[in-house]
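Below is one structure, written out as structure tokens; the observations come after it.
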Amino acid sequence: MPITPAARPETASRPVRASAPPAMPLLAVSGGQLVAAPRSAPSSGGRRRARPSSNPYLRLLATPGARAFTAGNLIARLPMGMLSVSAVIMIAGSRGSYALAGAVTATGLAATAVVAPFTARLVDRFGQARVAVPATALAVLGSLALVLCVHHDTPAWTLFAAYAATATTPNTGGMSRARWAHLHRGDPAALHTANSFEQAADELCFMLGPVLAAALCGALFPEAGTLVGAALLMTGVLIFAAQRATEPPVTPRTKTVASPLRTPEMPALLAVFLATGAVFGALEVVSIAHAGGAILALQAAGSCAAGLLYGSLRPARNVRLRLLLCLAAMTALMSLPLLAAAATAPLPVLALCLLLAGAATAPTMVTGMTLVQRATRPEQLNEGMTLAVTALLGGVAAGAAAGGWLVEHAGAAPGYTAPMSAAALALAVAAAGVGYGRWRRT
Numbered sequence: 355m356p357i358t359p360a361a362r363p364e365t366a367s368r369p370v371r372a373s374a375p376p377a378m379p380l381l382a383v384s385g386g387q388l389v390a391a392p393r394s395a396p397s398s399g400g401r402r403r404a405r406p407s408s409n410p411y412l413r414l415l416a417t418p419g420a421r422a423f424t425a426g427n428l429i430a431r432l433p434m435g436m437l438s439v440s441a442v443i444m445i446a447g448s449r450g451s452y453a454l455a456g457a458v459t460a461t462g463l464a465a466t467a468v469v470a471p472f473t474a475r476l477v478d479r480f481g482q483a484r485v486a487v488p489a490t491a492l493a494v495l496g497s498l499a500l501v502l503c504v505h506h507d508t509p510a511w512t513l514f515a516a517y518a519a520t521a522t523t524p525n526t527g528g529m530s531r532a533r534w535a536h537l538h539r540g541d542p543a544a545l546h547t548a549n550s551f552e553q554a555a556d557e558l559c560f561m562l563g564p565v566l567a568a569a570l571c572g573a574l575f576p577e578a579g580t581l582v583g584a585a586l587l588m589t590g591v592l593i594f595a596a597q598r599a600t601e602p603p604v605t606p607r608t609k610t611v612a613s614p615l616r617t618p619e620m621p622a623l624l625a626v627f628l629a630t631g632a633v634f635g636a637l638e639v640v641s642i643a644h645a646g647g648a649i650l651a652l653q654a655a656g657s658c659a660a661g662l663l664y665g666s667l668r669p670a671r672n673v674r675l676r677l678l679l680c681l682a683a684m685t686a687l688m689s690l691p692l693l694a695a696a697a698t699a700p701l702p703v704l705a706l707c708l709l710l711a712g713a714a715t716a717p718t719m720v721t722g723m724t725l726v727q728r729a730t731r732p733e734q735l736n737e738g739m740t741l742a743v744t745a746l747l748g749g750v751a752a753g754a755a756a757g758g759w760l761v762e763h764a765g766a767a768p769g770y771t772a773p774m775s776a777a778a779l780a781l782a783v784a785a786a787g788v789g790y791g792r793w794r795r796t
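Using our numbering, you'd call the opening residue of the sequence shown number 355 and step up by one each time.
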């Protein structure tokens with residue numbers, strides 16, 4: 355006899371009732387059999403999703419594509435600390451004149467100060483990859499021409515011409531900062547960490563570059579430092595330029611855009627970078643005259659460590675005030691080497707003073723670059739940062755000349771007044787710049 359709906363057993367309808375308890379497993383049909391299935395599917399592989407790292411630098415490098423362009427950039431930046439030292443060793447060793455070697459490298463520095471802003475403007479207008487690769491190739495050809503001129507004992511003027519050709523080297527640090535600004539636009543904390551990381555990378559390259567150059571030239575042959583530096587530069591730029599996914603897009607310009615120099619706040623910022631560069635140039639020459647070049651690695655190490663620590667802190671709400679505080683700290687810390695040298699303190703004491711003096715360097719540069727980024731239009735970011743680097747290089751040359759003059763006429767110990775005075779000048783310029791446009795409101 356057929357079973358009527360009223361006569362169906364109750365148990366037959368329970369598995370499909372909507373009011374089943376949440377803890378009960380779901381019932382399904384598989385292969386003609388009734389099976390129980392869990393209500394929540396297990397996570398893939400039973401693994402829990404990893405929490406974001408609390409380290410700001412690990413979070414920064416976790417940005418898609420960041421590690422690849424950072425690796426290329428570091429390879430390309432290492433020659434910054436190699437090529438000038440290698441040129442001095444190579445030229446002085448073959449011609450027997452440090453004066454000629456210094457004049458050649460100074461000419462290259464002056465040419466870079468003139469050419470670099472135009473190279474950066476082309477980068478902003480046509481893109482990093484399209485400009486950086488051929489510009490680097492020209493610079494590498496200049497380095498190779500210098501090696502050939504030295505090796506074949508050509509006239510002195512050819513050395514100046516060859517080394518001046520290296521001025522087309524693009525500002526890889528600026529291009530890297532531009533990528534971070536593009537990837538983390540609207541995130542001040544990430545940009546603060548990125549700028550600190552880039553400054554620490556600069557210090558690391560300037561710390562390791564001269565040591566590597568001296569080792570190569572001494573262990574192999576005088577031209578080895580220049581050849582290896584040129585190869586690293588070309589390789590690093592090729593790797594960097596190949597990372598197209600992180601390259602900032604080129605903004606089409608429908609009208610002529612004024613140079614960043616025309617913005618009201620930029621002249622004051624560049625003056626601060628000029629005076630800050632004088633601190634570095636004077637400190638380098640005076641320290642070499644007083645205790646040798648190896649001791650400068652401690653100043654760079656102090657700056658590198660301070661830069662990494664500074665990047666882990668929260669970004670300042672008032673960046674201009676932070677710059678004033680950093681410059682004040684730099685002025686105070688630059689008095690330590692002067693006091694140690696004046697008191698004829700032993701070398702370890704002077705080394706400690708230089709280590710402490712470097713602690714204010716990276717925070718000052720990071721804060722200054724942050725203000726330059728805010729003062730520059732997005733489509734001119736490479737040009738704006740290259741102008742800052744150009745001002746810095748000009749200050750390095752002026753500071754080196756002033757420090758050398760003081761050492762020659764007053765002695766090594768009084769020479770340390772030059773970097774302290776330059777830091778005080780940078781502080782005064784920054785304080786006076788309060789009335790310049792938008793800088794007043796940052």
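Ideal Cβ positions, reconstructed from N, Cα and C, are used throughout, including at glycine.
Counting of Cβ neighbours within 10 angstroms places Ser666 among the exposed residues, the total staying below 16. With a beta-carbon spacing of about 4 Å, Gly661 and Ala554 fall inside the 8 Å limit used to define contacts. Asn672 is classed as exposed because its beta carbon has fewer than 16 other beta carbons within 10 Å across all chains shown. DSSP, reduced to helix, strand and coil, places His546 within a helical segment of the structure shown.
Under the three-state reduction of DSSP output, His505 falls in the helix class. About 13 Å separates the beta carbon of Leu432 from that of Thr424, a gap too long to meet the 8 Å contact definition. Proximity to Leu623 across Ala699, Val439 and Arg674 peaks at Arg674, based on C-alpha coordinates. For Thr490, the CB contacts under 7 Å within the same chain, skipping 5 residues up- and downstream, are Thr523, Pro524, Leu587, Met588 and Val591 in chain order.
Judged by DSSP in its simplified three-state form, Pro410 adopts helix. The DSSP assignment places no complete run of the beta strand (DSSP E) inside the region 442-510 (cut-off: 3 residues). In this structure, the straight-line span from the alpha carbon of Gly635 to that of Gly540 is close to 35 Å. If you look at Gln727, you'll find it in the alpha helix (DSSP H) that goes Thr715 to Ala729. If only complete runs of 4 or more residues are kept, the region 524-591 shows the alpha helix (DSSP H) at 526-537 and 542-573, in order along the chain. Rounded to the nearest whole angstrom, the C-alpha separation of Glu733 and Leu725 is 16 Å. Within the region 648-721, the complete alpha helix (DSSP H) runs of at least 4 residues fall at 650-665, 673-687, 689-696 and 701-711. Across the structure, Thr744 and Thr508 are spaced so that their CA atoms are roughly 30 Å apart.
The distance from the Cβ of Leu463 to that of Ala751 is about 6 Å, consistent with a contact at the 8 Å cut-off. Distance from the CA of Gly583 to the CA of Met436, rounded to the nearest whole angstrom, comes to 6 Å. Minimum Cα-Cα distance from Leu650 among the listed residues Val494, Ala548, Leu562 and Leu747 corresponds to Leu562.
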